[in-house]
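Under my numbering, think of the first position of the sequence shown as 10, with each following residue one higher.
Note that the Cβ used here is the ideal one computed from N, Cα and C, for glycine as well.
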Amino acid sequence: MRALAVHAGPRALQHLRERGLNAADVRVIPAAAGGPKGLVLNPLDRFLFGQWLASCGQTVHLLGASIGAWRMACAAMADPVKALAGMADDYILQDYPHAPGRAPTPRQVSEVFGQTLDQRLTPRAAEVLSNQRYRLHVFTSRGRGLLAREGRWRTPLGYGAAMALNLASRRFLGRTLERVVYSDGREQLPFPVTDYPTRVARLSPGNLASAVLASCSIPFWLEAVNDIPGGPAGAYWDGGITDYHLHLDYATMHDGLVLYPHFQSRVIPGWLDKVIKRRHRSSPALSNVVVLSPHPDWVRSLPSQKLPDRADFKRFGDDLNARVANWRRAVAESERLADEFAELARPGRSIDALPLA
Numbered sequence: 010m011r012a013l014a015v016h017a018g019p020r021a022l023q024h025l026r027e028r029g030l031n032a033a034d035v036r037v038i039p040a041a042a043g044g045p046k047g048l049v050l051n052p053l054d055r056f057l058f059g060q061w062l063a064s065c066g067q068t069v070h071l072l073g074a075s076i077g078a079w080r081m082a083c084a085a086m087a088d089p090v091k092a093l094a095g096m097a098d099d100y101i102l103q104d105y106p107h108a109p110g111r112a113p114t115p116r117q118v119s120e121v122f123g124q125t126l127d128q129r130l131t132p133r134a135a136e137v138l139s140n141q142r143y144r145l146h147v148f149t150s151r152g153r154g155l156l157a158r159e160g161r162w163r164t165p166l167g168y169g170a171a172m173a174l175n176l177a178s179r180r181f182l183g184r185t186l187e188r189v190v191y192s193d194g195r196e197q198l199p200f201p202v203t204d205y206p207t208r209v210a211r212l213s214p215g216n217l218a219s220a221v222l223a224s225c226s227i228p229f230w231l232e233a234v235n236d237i238p239g240g241p242a243g244a245y246w247d248g249g250i251t252d253y254h255l256h257l258d259y260a261t262m263h264d265g266l267v268l269y270p271h272f273q274s275r276v277i278p279g280w281l282d283k284v285i286k287r288r289h290r291s292s293p294a295l296s297n298v299v300v301l302s303p304h305p306d307w308v309r310s311l312p313s314q315k316l317p318d319r320a321d322f323k324r325f326g327d328d329l330n331a332r333v334a335n336w337r338r339a340v341a342e343s344e345r346l347a348d349e350f351a352e353l354a355r356p357g358r359s360i361d362a363l364p365l366a
């Protein structure tokens, strides 16, 4: 049973079959939202950034939403293997003060999680933003209208409106939430982001931790992050709301491939699109994208026969040790993804990938 599945858009599919995959081909690496699901990509991330990509000198743009933003910030550090391993530990061991049998409040989660990110990212922010090869872009969702500020009634009403607008059209969602990309100021994204209402702000050592915290701030689980320095004022939430899997206009890039380590083969535009199956299909925008994902059969061999997910917090309740053991085993099993990719990407080997569906 193979652990790793490879899917590709038409242009990328032809490239893989004719020339295989070389590190020098890669220009962009997206990293999706998805919470604990992203943990299974940790061994693959460590191999990609610690070994495989280290042999090349081209600029690579790292795009992240939610946990993906945290992953890519770690990948841009001087020792990505150590940083990514530490990030996995931090995520697995997260625990928040709360009354027995009750969930922690959004304020408690935001305070503790925010302290973790500040401790991990702020001292290394200058290092991340001066990396000679990588350019980091953190995707956030900034509220408009009712969601311009967080409030006891404003927030649920605002997200109710967002769901209704998104059902009508993804672009209508922009009336309540706009995409704000906090980007490394040295280079713009190598493709346009005109598919959805978007603003761009500059990442700096002073706002990196705040931008990543905002990108990870799931509504009703964490509080909004307000008024990120260097960006437009307002309340910011999880970047996955507007860009769950970063389904962007990659095909307009002039050259190179998009290498996408992902926890599934489909690339869904926004978090609210999860229930809208017609928006789960591939599109011409993904023509040059290579998706690396866990094979569904292999996923069923993991603890609980699934990827780690947010439901595990409720499932394991106050039994922190059981959840930690479950997630650590899933990450350990995921070493197979890295091993199989290393074999697949050997120089001169063609890759018979499957088409993106």
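Assigned secondary structure, Tyr269 (DSSP; H/G/I helix, E/B strand, else coil)
strand
How about the region 274-281 and the region 82-96: do they share at least three Cβ pairs that are nearer than 8 angstroms?
no
On the DSSP letters alone, give me the boundaries of the beta strand (DSSP E) that Trp246 sits inside.
Ala244 to Trp246
By alpha-carbon positions, which one of Asp264, Pro303 and Ala33 ends up nearest to Ser64?
Ala33
Own chain partners of Pro201 with C-beta closer than 7 angstroms, once the 5 adjacent residues on each side are dropped
Asp258 and Thr261
Is the distance from the Cβ of Arg142 to the Cβ of Thr68 below 8 angstroms?
yes
Does the beta-carbon distance from Asn335 to Ser313 come in below 8 angstroms?
yes
Quick check on this structure: which residue in Gln23, Gly47, Arg28 and Val35 has the alpha carbon closest to the alpha carbon of Cys225?
Gly47
Skipping 5 residues on each side, what residues in its chain have a beta carbon closer than 8 angstroms to that of Leu353?
Leu13, Val15, Leu30 and Ile360
Helix, strand or coil: how does DSSP classify Ala341 here?
helix
Using CA atoms only, rank isn't needed, just tell me which of Val284, Tyr245 and Val37 is closest to Gly422.
Lying before the first or after the last residue shown, residue 422 is absent from the chain, which here runs from 10 to 366.
Which first and last residues belong to the beta strand (DSSP E) in which Pro303 is found?
Val298 to Pro303
CA nearest to the CA of Tyr100, picked from Asn51, Arg184 and Glu187:
Asn51
Residues near Ala87 by beta carbon distance below 6 angstroms, same chain, minus five either side
Glu136
Verify whether the separation of the beta carbon atoms of Val37 and Pro270 is less than 8 angstroms.
no
Unbroken beta strand (DSSP E) run spanning Leu22, endpoints:
From DSSP, Leu22 is part of no beta strand (DSSP E) but of the alpha helix (DSSP H) over Pro19 to Arg28.
Taking the alpha helix (DSSP H) that Thr149 falls in, what are its first and last residues?
First-last for Thr149: Tyr143 to Gly152, but that is the beta strand (DSSP E), not the alpha helix (DSSP H).
Let me make sure I understand the geometry here. Which of Arg288, Phe58 and Leu365 has the alpha-carbon closest to that of Asn140?
Phe58
Mind the definition here: the region 98-117 touches the region 203-223 only if three or more C-beta pairs lie below 8 angstroms; say whether that holds.
no
Selected residue, minimal CA-CA separation from Ala40, among Ala21, Met10, Arg11 and Ala78
Ala78
Got a sec, what are the start and stop residues for the beta strand (DSSP E) Ala94 sits in?
Ala94 -> not in any beta strand (DSSP E); alpha helix (DSSP H) instead, spanning Pro89 to Ile101.
His107 (DSSP reduced to helix, strand or coil):
coil
Which stretch, first to last residue, makes up the alpha helix (DSSP H) that contains Val221?
Leu217 to Ser224
Can you find the residues in the same chain that come closer than 7 angstroms, C-beta to C-beta, to Val221, ignoring five residues on each side of it along the sequence?
Ala78, Trp79, Ala82, Leu126, Leu130 and Val147
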